[in-house]
Amino acid sequence: MNSPTPAGGRSVEARLDEIESRTEIASLVAGFCEGLDRRDPERFGALWYEDAEFLAPGGRGNFYGLEQIRGVQVAIDTSWARTFHLTTNLVIKFENPDRATGRADCLAIAQSAADGRTTYIEATYFDIFERRDGEWKIASRTTERWFISASFDLPPNA
Amino acid sequence: MNSPTPAGGRSVEARLDEIESRTEIASLVAGFCEGLDRRDPERFGALWYEDAEFLAPGGRGNFYGLEQIRGVQVAIDTSWARTFHLTTNLVIKFENPDRATGRADCLAIAQSAADGRTTYIEATYFDIFERRDGEWKIASRTTERWFISASFDLPPNA
Amino acid sequence: MNSPTPAGGRSVEARLDEIESRTEIASLVAGFCEGLDRRDPERFGALWYEDAEFLAPGGRGNFYGLEQIRGVQVAIDTSWARTFHLTTNLVIKFENPDRATGRADCLAIAQSAADGRTTYIEATYFDIFERRDGEWKIASRTTERWFISASFDLPPNA
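Protein chains in written order, with the UniProt record's numbering: chain A, 1 to 158; chain B, 1 to 158; chain C, 1 to 158.
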């Protein structure tokens with residue numbers, strides 16, 4: 001490291017690295033929405049480690065490994081004609097330079113494939129992100145459903 | 001400061017400090033949502049200075065000091081069975097290294113404790129954040145209600 | 001540049017510059033919402049270059065140059081009594097230090113000027129940001145409508 005060390009103790013390099021890691025992690029959180037909403041298995045799959053887990057407590061299933069997690073996307077594609085995920089309130093905390101936890105809230109607007117009716121789902125994501133071989137990916141995501149509306153008739157008028 | 005000073009004038013240390021302060025301030029904005037929605041008085045209370053103010057123009061009251069602000073959380077807990085706050089569009093401007101203003105929009109989805117009906121509330125927050133003794137907290141939040149829907153029957157179906 | 005160069009190759013100055021540029025770009029994205037929702041032509045107009053473009057595929061029109069883009073704001077003000085834009089999932093990628101692309105999702109809640117009914121619109125923005133003479137502005141925004149609800153009766157009860 002060529003960077004000077006400020007009075008606070010951490011080097012400039014370490015501080016820049018953490019800041020840049022935050023941006024990369026935020027891109028994963030956004031990419032989850034994009035991958036699902038655009039039905040893009042390549043984008044979605046690239047967010048996760050091969051040994052990642054995606055946990056959905058409350059009887060909705062726990063999925064271990066990328067292959068099972070890809071199956072979740074297929075299931076969502078089958079259940080919903082369209083989804084739209086908006087993630088906010090992201091807070092990232094570093095356990096060490098290569099591992100961080102995340103917490104974010106998400107509003108999902110989803111239109112049923114079966115009857116065209118719309119449901120609003122509010123959820124919170126509890127994540128573990130890891131950097132391996134220089135790249136950040138999702139090691140674990142636990143999605144806690146917090147509120148789900150009754151479906152209602154709100155068809156697109158476009 | 002050991003940091004070099006770039007041509008622009010501000011030192012690397014000052015620039016890193018501001019960037020890291022932005023992250024801490026964004027965590028306060030997210031923490032407001034988490035503290036309210038999870039009904040966590042410890043999380044909520046830790047966001048504010050003892051002499052903070054929480055202002056809600058339009059006849060909804062002005063609250064001075066942490067004790068009164070804690071009362072707002074109690075009132076929200078009483079009125080609403082559940083709330084879900086999504087804050088976006090955060091813009092932070094620094095007046096000096098230890099004081100910044102913030103502006104953010106928030107969509108709150110709230111289910112009435114009285115009748116179970118749901119209301120959508122859109123608000124904008126105008127904040128003042130200060131760093132005292134090395135820690136950022138909210139010195140002042142003014143919440144401007146911008147749009148409130150009629151309540152409607154949207155019970156949870158989970 | 002006085003900044004040291006870390007092992008990774010990019011100088012501290014270049015890395016700080018990119019991080020600070022991200023903040024400025026995010027402010028433009030938030031400013032679009034503020035400018036429209038607050039009906040503030042000065043705020044809205046300052047986001048764009050004179051030769052910017054604002055494209056809305058699907059028959060809604062393409063607007064070239066600031067004067068035409070200002071006309072979009074006037075049209076929105078005429079059609080809607082109120083709008084409320086929430087932008088999330090922002091991902092910024094740099095092509096070079098002075099040019100970046102952005103992708104963001106937006107939920108807009110809009111109340112009709114004609115009948116007071118409310119419509120929820122979900123859109124994705126694909127942007128090009130440029131820095132000229134030291135200042136970041138929008139060079140191009142393409143807004144892709146992704147979902148638009150039927151209007152429904154959700155009058156304000158405030």
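Even glycine gets a Cβ: it sits at the ideal position worked out from N, Cα and C. Since the structure is predicted, the reported quantities are computational estimates derived from the model, not experimental observations.
Quiz item: Quick one, which residues of the segment 82 to 102 of chain A are near chain C if we go by CB-CB under 7 Å, in chain order?
Solution: Arg82, Phe84, Leu86, Thr87 and Thr88
Quiz item: Would a C-beta distance cut-off of 7 Å place Thr88 of chain B and Thr87 of chain C closer than the cut-off?
Solution: Start at 1 with the first residue of the second sequence, and residue 88 of chain B comes out as number 88. Start at 1 with the first residue of the third sequence, and residue 87 of chain C comes out as number 87. It is a contact, given that the beta carbons lie within the stated cut-off.
Exercise. Reducing DSSP to helix, strand and coil, say where Ser112 of chain C ends up.
Key: Mapped onto the third sequence, residue 112 of chain C falls at position 112. In the three-state DSSP reduction, Ser112 of chain C falls in the strand class (E or B).
Quiz item: So with Cβ pairs under 7 Å, would you call Glu24 of chain B a contact of chain C?
Solution: Residue 24 of chain B sits at position 24 when you count from the first residue of the second sequence. Cβ-Cβ to chain C under 7 Å: no for Glu24 of chain B.
Quiz item: What's the gap between the Cα of Phe54 of chain B and the Cα of Tyr120 of chain C?
Solution: To locate residue 54 of chain B, count along the second sequence from 1; it is residue 54. To locate residue 120 of chain C, count along the third sequence from 1; it is residue 120. Taking the straight line joining both Cα atoms gives about 30 Å.
Self-check item: Euclidean distance between Cα positions of Thr143 of chain B and Ala26 of chain A
Solution: Counting from 1 along the second sequence, the entry for residue 143 of chain B is found at position 143. Counting from 1 along the first sequence, the entry for residue 26 of chain A is found at position 26. Distance between the alpha carbons of Thr143 of chain B and Ala26 of chain A is about 27 Å.
Practice problem: For Trp136 of chain A, I'd like the list of residues in its chain whose CB is within less than 8 Å of its CB, leaving aside the five on either flank, ordered along the chain. | Solution: Numbered from 1 along the first sequence, position 136 holds the residue referred to as residue 136 of chain A. The residues are Ser21, Glu24, Ile25, Leu28, Phe129 and Glu130.
Quiz prompt | Through-space distance from Thr101 of chain C to Glu95 of chain C, alpha-carbon basis | solution = Here the question's residue 95 of chain C lines up with position 95 in the third sequence. Here the question's residue 101 of chain C lines up with position 101 in the third sequence. Going by the C-alpha atoms only, they are around 7 Å apart.
Exercise. Please confirm if Ala30 of chain A has its CB atom under 7 Å from at least one CB of chain C.
Key: Mapped onto the first sequence, residue 30 of chain A falls at position 30. So yes, Ala30 of chain A belongs to the interface.
Self-check item: DSSP-derived helix/strand/coil call for Asp17 of chain C
Solution: Along the third sequence, one-based indexing puts residue 17 of chain C at 17. Three-state result, Asp17 of chain C: helix.
Quiz item: From Asn62 of chain C to Asp37 of chain A, what does the alpha carbon distance come to, in whole angstroms?
Solution: For this step, residue 62 of chain C is matched to residue 62 along the third sequence. For this step, residue 37 of chain A is matched to residue 37 along the first sequence. So the two alpha carbons sit approximately 25 Å from each other.
Exercise. Classify Glu13 of chain C as buried or exposed, calling it buried when 16 or more other Cβ atoms lie within 10 Å of its own Cβ.
Key: Mapped onto the third sequence, residue 13 of chain C falls at position 13. Using a 10 angstroms sphere on the CB of Glu13 of chain C, the tally of other CB atoms reaches 16 or more, which defines it as buried.
Quiz prompt | Top-ranked residue by Cα proximity to Glu50 of chain A, from A:Ala56, A:Gly9, A:Tyr64 and A:Arg43 | solution = Working through the first sequence from its first residue, we reach residue 50 of chain A at position 50. Answer by Cα proximity: A:Tyr64.
Quiz item: Under three-state DSSP, which class holds Gly45 of chain C?
Solution: Position 45 of the third sequence, counting from 1, holds the residue named residue 45 of chain C. Three-state DSSP puts Gly45 of chain C in a helix.
Practice problem: Anything in chain B within Cβ reach of Leu36 of chain A, meaning under 8 Å, just list it in chain order. | Solution: In the first sequence, counting from the first residue as 1, residue 36 of chain A sits at position 36. The premise fails here: Leu36 of chain A is roughly 18 Å from chain B at the closest Cβ pair, so nothing lies under 8 Å.
Quiz item: Hey, which unbroken runs of the beta strand (DSSP E) at 3 residues or more fall wholly within the segment 126 to 150 of chain A?
Solution: 135 to 148
Exercise. At 9 Å on the CB atoms, spell out the chain B contacts of Ser127 of chain A, in chain order.
Key: Against the first sequence, residue 127 of chain A aligns to sequence position 127. The amino acid occupying residue 127 of chain A in the given sequence is Asp; Ser does not appear at that position. Correct list: empty, because the minimum Cβ distance to chain B is about 14 Å.
Exercise. Output the distance between the C-alpha atoms of Ile76 of chain C and Leu107 of chain C, rounded to the nearest integer angstrom.
Key: In the third sequence, counting from the first residue as 1, residue 76 of chain C sits at position 76. In the third sequence, counting from the first residue as 1, residue 107 of chain C sits at position 107. Cα to Cα, the separation comes out at about 15 Å.
Quiz prompt | When A:Gly71, A:Val74, A:Pro97 and A:Ile69 are compared against Glu18 of chain A, the one with the closest alpha-carbon | solution = Here residue 18 of chain A corresponds to residue number 18 of the first sequence, with the count starting at 1. Minimum Cα distance to Glu18 of chain A is reached at A:Pro97.
Quiz item: Should Ile138 of chain B and Leu47 of chain B be called a contact, given that it needs their Cβ atoms to be closer than 7 Å?
Solution: Mapped onto the second sequence, residue 138 of chain B falls at position 138. Mapped onto the second sequence, residue 47 of chain B falls at position 47. Going by C-beta atoms, Ile138 of chain B is nearer than 7 Å to Leu47 of chain B.
Exercise. Might you give, ordered along the chain, the residues of its own chain that have their beta carbon closer than 7 Å to the beta carbon of Pro156 of chain B, omitting 5 neighbours on each side?
Key: Taking the second sequence and counting its residues from 1, the one referred to as residue 156 of chain B is at position 156. Note that Pro156 of chain B scores a pLDDT of 43, beneath 50, so its modelled location is shaky; the value from the coordinates is reported in the next line. Excluding residues within five positions, none has a Cβ falling inside 7 Å.
Self-check item: Start and end residues, alpha helix (DSSP H) containing Gly61 of chain C
Solution: Here residue 61 of chain C corresponds to residue number 61 of the third sequence, with the count starting at 1. Element bounds for Gly61 of chain C: not the alpha helix (DSSP H) but the beta strand (DSSP E), Gly61 to Tyr64.
Exercise. Determine, using beta carbons only, whether residue 185 of chain C comes closer than 7 Å to chain A.
Key: Any property of residue 185 of chain C remains undetermined from this structure, which presents chain C solely from 1 to 158.
Exercise. Indicate whether at least one CB of chain C lies closer than 7 Å to the CB of Ile19 of chain B.
Key: Taking the first residue of the second sequence as position 1, residue 19 of chain B is located at position 19. Ile19 of chain B belongs to the set of residues whose beta carbon lies under 7 Å from a beta carbon in chain C.
Quiz item: Apart from the five residues just before and just after Ile92 of chain A, which ones in its own chain have a Cβ nearer than 6 Å to its Cβ?
Solution: The residue labelled residue 92 of chain A in the question sits at position 92 within the first sequence. The answer, listed in chain order, is Arg22, Ile25, Ala100 and Gly102.
Self-check item: Expected contact under 8 Å - CB spacing of Ala30 of chain C and Ala81 of chain C to nearest Å
Solution: Locating residue 30 of chain C in the third sequence gives position 30, counting from the first residue. Locating residue 81 of chain C in the third sequence gives position 81, counting from the first residue. At roughly 22 Å, the Cβ-Cβ gap does not stay under 8 Å, so Ala30 of chain C and Ala81 of chain C are not in contact.
Quiz item: Under the three-state reduction of DSSP, which class applies to Asp40 of chain A: helix, strand or coil?
Solution: Walking along the first sequence from the start, residue 40 of chain A turns up at place 40. Asp40 of chain A: coil per DSSP, three-state reduction.
Quiz item: Among residues of its own chain, excluding the 5 on either side of Ser3 of chain C, which ones have a beta-carbon nearer than 6 Å to its beta-carbon?
Solution: Numbered from 1 along the third sequence, position 3 holds the residue referred to as residue 3 of chain C. With a pLDDT of only 47 at Ser3 of chain C, under 50, the local geometry of the prediction cannot be trusted, and no value is derived from it.
Quiz prompt | Candidates A:Asp133, A:Ala123, A:Ala52 and A:Pro57, of which the one nearest residue 187 of chain A by Cα | solution = In the structure as shown, chain A begins at 1 and stops at 158. Residue 187 of chain A is therefore absent and cannot be evaluated.
Quiz item: Would Glu144 of chain A count as contacting chain B if we go by Cβ distances under 7 Å?
Solution: The residue given as residue 144 of chain A occupies position 144 in the first sequence. Not one chain B Cβ lies under 7 Å of Glu144 of chain A.
Quiz item: Is the beta carbon of Leu90 of chain B sitting closer than 7 Å to the one on Arg15 of chain A?
Solution: Position 90 of the second sequence, counting from 1, holds the residue named residue 90 of chain B. Position 15 of the first sequence, counting from 1, holds the residue named residue 15 of chain A. Taking 7 Å as the Cβ cut-off, Leu90 of chain B and Arg15 of chain A do not qualify as a contacting pair.
Exercise. Give the straight-line distance between the Cα atoms of Gly35 of chain B and Val74 of chain B, rounded to the nearest whole angstrom.
Key: Stepping through the second sequence from its first residue, residue 35 of chain B is reached at position 35. Stepping through the second sequence from its first residue, residue 74 of chain B is reached at position 74. The straight-line gap from Cα to Cα measures roughly 11 Å.
Quiz item: Can you find a C-beta in chain A that's less than 7 Å from the C-beta of Arg131 of chain C?
Solution: Counting from 1 along the third sequence, the entry for residue 131 of chain C is found at position 131. No, no contact with chain A.
Quiz item: Which residue from B:Asp40, B:Asp133, B:Thr118 and B:Ala123 puts its Cα closest to that of Pro57 of chain B?
Solution: Within the second sequence, numbered from 1, the residue matching residue 57 of chain B stands at position 57. The option with the nearest alpha carbon to Pro57 of chain B is B:Ala123.
Quiz item: Does any CB atom of chain A fall closer than 7 Å to the CB of Ala75 of chain B?
Solution: Numbered from 1 along the second sequence, position 75 holds the residue referred to as residue 75 of chain B. So, not an interface residue.
Quiz prompt | Same chain only: Cβ atoms within 7 Å of Gly45 of chain B, ignoring 5 sequence neighbours per side | solution = Within the second sequence, the letter at position 45 stands for residue 45 of chain B. If we look at Gly45 of chain B and ignore the five residues flanking it on each side, its Cβ neighbours are Leu66 and Arg70.
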